[in-house]
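**Q** Here it is: the structure, laid out below.
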């Protein structure tokens, strides 16, 4: 058995190595056929690889594992269409390279929902990356200076789902609006984007400081998009009130 394990390990079948002894015992006790025994081992290897893949993608994604669909309090936002969110959690929008835009005042749960959909996409095998809007700019601008621009840009482009949080929270420096537009332009119809924003589209010209580029960005993001407006109460105020009581 040890020699067999070494050979299997050399083939990098770690899932089979982990379960070989227990599966062999089970197969003998239940008089399984060779093909049934083999099927169990293949299933173990497949499950192990999926688990390892999920862990690696989760670590790279920068997602918060505490912010899921199950932990979102839909009762606090009764005007939000729960069925629509659950339908989106099926992640067909990722397959179709469509976008989602969560709009609403600070604290209503936009980031939580964006993160939660990112977690669902990870579970389905997609590559996801979560980043704040201001960090998109700072990463690209810094990369311009140290020669890693295309490496950083590639990180933003080579994922199935890019989540950009808090557009409008800070004004985008005018000398870096082109960098943001480049990300949006390259992902247009080639990869899904989820955006959270506290500003209506008519105010994006002020956010980007360039009406023409702002219009071009909005045009590409809105096309093929699900726009979800959340007008409910702030979760942060809810927690503050609860803590005071």
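Residue numbers (the numbering used here): 350 to 594. Built from N, CA and C at the ideal position, the CB exists for glycine as well. Every value quoted in this text rests on a predicted model; they were computed, and no experiment measured them.
(1) If I measure Cβ to Cβ from residue 661 and keep anything under 6 angstroms in the same chain, skipping five residues before and after, which residues do I get?
(2) Within the same chain, show all residues whose beta-carbon is closer than 8 angstroms to that of residue 372, passing over the 5 residues directly before and after it, in chain order.
(3) Can you tell me the Cα-Cα spacing of residue 426 and residue 515, whole angstroms?
(4) Starting from residue 461 and walking both ways along the alpha helix (DSSP H), at which residues does that stretch end?
(5) Assign residue 546 to one of two classes, buried (16 or more other C-beta atoms within 10 Å of its C-beta) or exposed (fewer than that).
(6) Less than 7 angstroms between the C-beta atoms of residue 417 and residue 465, yes or no?
(7) Please tell me whether residue 558 and residue 428 are closer than 7 angstroms, where the distance is taken between their beta carbons.
(8) By alpha-carbon positions, which one of 354, 550 and 502 ends up nearest to residue 529?
(9) Let me confirm a value: residue 430 is counted as buried when at least 16 other C-beta atoms fall within 10 Å, else exposed. Which label applies?
(10) Decide if residue 489 is buried, meaning its Cβ has at least 16 other Cβ atoms within 10 Å, or exposed.
(11) Exposed or buried, what is residue 507 when buried is set at 16 or more other beta-carbons lying within 10 Å of its beta-carbon?
(12) Counting pairs of Cβ atoms below 8 angstroms between the stretch 562–581 and the stretch 436–452, do you hit three or more?
(13) If you draw a straight line from the alpha carbon of residue 350 to that of residue 375, how long is it in whole angstroms?
(14) Could you pull out every unbroken beta strand (DSSP E) segment of at least 3 residues lying fully inside the stretch 469–536, listed in chain order?
(15) Just to check my reading of the structure: residue 407 and residue 479 have Cβ atoms closer than 8 angstroms, yes? What is that Cβ distance to the nearest angstrom?
(16) For the stretch 543–585, which segments carrying the alpha helix (DSSP H) assignment without a break, of at least 4 residues, lie completely within its bounds, in sequence order?
(17) What are the residues that DSSP puts in a beta bridge with residue 452?
(18) Output yes if chain D places a C-beta closer than 7 angstroms to the C-beta of residue 515; else output no.
(19) Figure out for me which residue from 486, 499 and 439 has the closest Cα to the Cα of residue 526.
(20) Locate the alpha helix (DSSP H) running through residue 381, then write down its first and last residues.
(21) Enumerate, from N- to C-terminal direction, the unbroken alpha helix (DSSP H) stretches of 4 or more residues contained entirely within the stretch 397–439.
(22) Roughly how many angstroms separate the alpha carbons of residue 437 and residue 405, rounded to a whole number?
(23) Taking all protein chains shown into account, decide if residue 519 is buried (16 or more other Cβ within 10 angstroms of its Cβ) or exposed.
(24) Within its chain, find whatever has a CB closer than 8 angstroms to the CB of residue 369; leave out the 5 residues flanking it on each side and keep chain order.
**A** With the structure as the only source:
(1) Given a span of 350 to 594 for the chain in the structure shown, any question on residue 661 remains unanswerable.
(2) Position 23 of the chain shown, counted from the first residue, corresponds to residue 372. Excluding residues within five positions, the ones whose Cβ falls inside 8 angstroms are 386, 389, 390 and 393.
(3) Taking the first residue of the chain shown as position 1, residue 426 is located at position 77. Taking the first residue of the chain shown as position 1, residue 515 is located at position 166. Taking the straight line joining both Cα atoms gives about 19 angstroms.
(4) Residue numbering aside, residue 461 sits at position 112 when the chain shown is read from its first letter. Run containing residue 461: 459–472, per the alpha helix (DSSP H) assignment.
(5) By one-based count along the chain shown, residue 546 stands at place 197. So residue 546 ends up on the buried side.
(6) The sequence position of residue 417 within the chain shown is 68, counting from 1. The sequence position of residue 465 within the chain shown is 116, counting from 1. Yes, Cβ-Cβ distance for residue 417 and residue 465 is below 7 angstroms.
(7) By 1-based counting over the chain shown, the position of residue 558 is 209. By 1-based counting over the chain shown, the position of residue 428 is 79. Contact flag unset, no.
(8) The residue labelled residue 529 in the question sits at position 180 within the chain shown. Cα-wise, what sits closest to residue 529 is 502.
(9) Residue numbering aside, residue 430 sits at position 81 when the chain shown is read from its first letter. Its Cβ having fewer than 16 others within 10 Å, residue 430 is exposed.
(10) Start at 1 with the first residue of the chain shown, and residue 489 comes out as number 140. Buried is the call here.
(11) On the chain shown, residue 507 is found 158 positions in, with the first residue counted as 1. Residue 507 comes out exposed.
(12) yes
(13) On the chain shown, position 1 is the one that residue 350 refers to. On the chain shown, position 26 is the one that residue 375 refers to. The straight-line gap from Cα to Cα measures roughly 15 angstroms.
(14) 477–481 and 510–516
(15) Here residue 407 refers to the residue found at position 58 of the chain shown. Here residue 479 refers to the residue found at position 130 of the chain shown. Not quite, the Cβ-Cβ distance comes to about 11 angstroms (not below 8 angstroms), so this is no contact.
(16) 553–557 and 560–571
(17) Position 103 of the chain shown holds residue 452. In DSSP, residue 452 forms a bridge with 546 and 578.
(18) Any reference to chain D falls outside this structure, which holds one protein chain only.
(19) Mapped onto the chain shown, residue 526 falls at position 177. The option with the nearest alpha carbon to residue 526 is 486.
(20) For the purposes of this step, residue 381 is identified with residue 32 of the chain shown, where counting begins at 1. Premise fails: residue 381 is in no alpha helix (DSSP H) and is neither H nor E.
(21) 431–437
(22) By one-based count along the chain shown, residue 437 stands at place 88. By one-based count along the chain shown, residue 405 stands at place 56. So the alpha carbons of these two residues sit roughly 24 angstroms apart.
(23) Position 170 of the chain shown, counting from 1, holds the residue named residue 519. It counts as exposed.
(24) Residue mapping note: residue 369 aligns to position 20 of the chain shown, counting from 1. Around residue 369: 350, 353, 354, 357 and 390.
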